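Here is the structure we will look at, set down as structure tokens.
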Amino acid sequence: MNKDDKIFEEIKFGFLNPYKIAGMGEPWSMKLERTFQLLKQKGIGGILTLTEDDLYGPDYVKSGFIHHHEPIDDCEPPDKKGMDRAIEFIDSLLEKGIGVSVHCYEGRGRTGTILCGWLGLKESLRFEDALKRLNELRQYNVITPSQRAFLSEYLMAS
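For the sequence shown, my numbering assigns the number 2 to the initial residue and increments by one for each residue that follows.
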């Protein structure tokens with residue numbers, strides 16, 4: 002495994018192929034510049050940050066990414082409006098052909114929740130099927146009971 006592949010493994014980067022949307026954990030500060038270069042090489046032009054604090058938002062913008070911060074408490078789901086805003090940000094970029102990476106701290110719970118909601122809407126899936134499909138496309142997803150309950154209701158109402 003080369004150094005660049007190792008960076009993606011460390012941040013749990015993975016696409017939801019065939020879509021230009023990916024999930025990841027927060028980039029490591031000591032590898033920030035190289036991580037940004039690699040994301041751009043993969044076609045990522047937008048970053049959706051889900052952590053409570055937006056540590057690298059200014060760095061993303063300075064490096065040329067379109068960035069949105071939608072803070073969600075660790076291990077918790079967003080509220081409906083937060084999920085709607087996140088999905089709107091993702092879709093607005095994908096419609097322009099711009100790849101998007103969604104991230105929280107570890108790239109598992111909050112990231113998986115947003116990706117599962119987006120995928121469920123995109124493919125008209127109920128929660129259990131959306132989660133199964135998400136796990137087929139990208140490993141690392143860990144959805145908590147409260148996130149599961151939210152997604153089940155969110156995808157049923159949509």
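Even glycine gets a Cβ: it sits at the ideal position worked out from N, Cα and C. Bear in mind that the values here come from a model prediction, so they are computed numbers and not experimental data.
Taking C-beta atoms as the reference points, PHE90 and HIS69 count as a pair closer than 8 Å.
A direct Cα-Cα distance of roughly 31 Å separates GLU27 from ALA158. In the three-state DSSP reduction, LEU122 falls in the helix class (H, G or I). LYS13 and TRP119 have their alpha carbons spaced roughly 19 Å apart. For the beta strand (DSSP E) assignment, the uninterrupted runs of no fewer than 3 residues enclosed by the segment 36-118 are, from N- to C-terminal side, 45-50, 67-70, 100-104. Looking at ASP80, LYS41, TRP29, the one whose alpha-carbon comes closest to that of LEU56 is TRP29. The distance from the Cβ of PRO78 to that of GLN140 is about 21 Å, inconsistent with a contact at the 8 Å cut-off. Shortest Cα-Cα distance from ILE144 to any of LYS123, GLY121, CYS117, GLY24 involves CYS117. When GLY98, PHE128, LEU51 are compared, the shortest CA-CA separation from ARG109 is found for LEU51.
Distance check between ALA87 and each of VAL101, GLU11, LYS97, LEU135 places VAL101 closest, using alpha-carbon atoms only.
The residues GLY46, GLY47, ILE48, in chain order, have a CB closer than 7 Å to that of PHE66 in the same chain once the five nearest residues on each side in sequence are set aside.
In the DSSP assignment, MET157 falls within the unbroken alpha helix (DSSP H) covering 146-158. The secondary-structure analysis by DSSP pairs MET25 across a beta bridge with HIS104.
Look at PHE128 here: in three-state DSSP terms it is helix.
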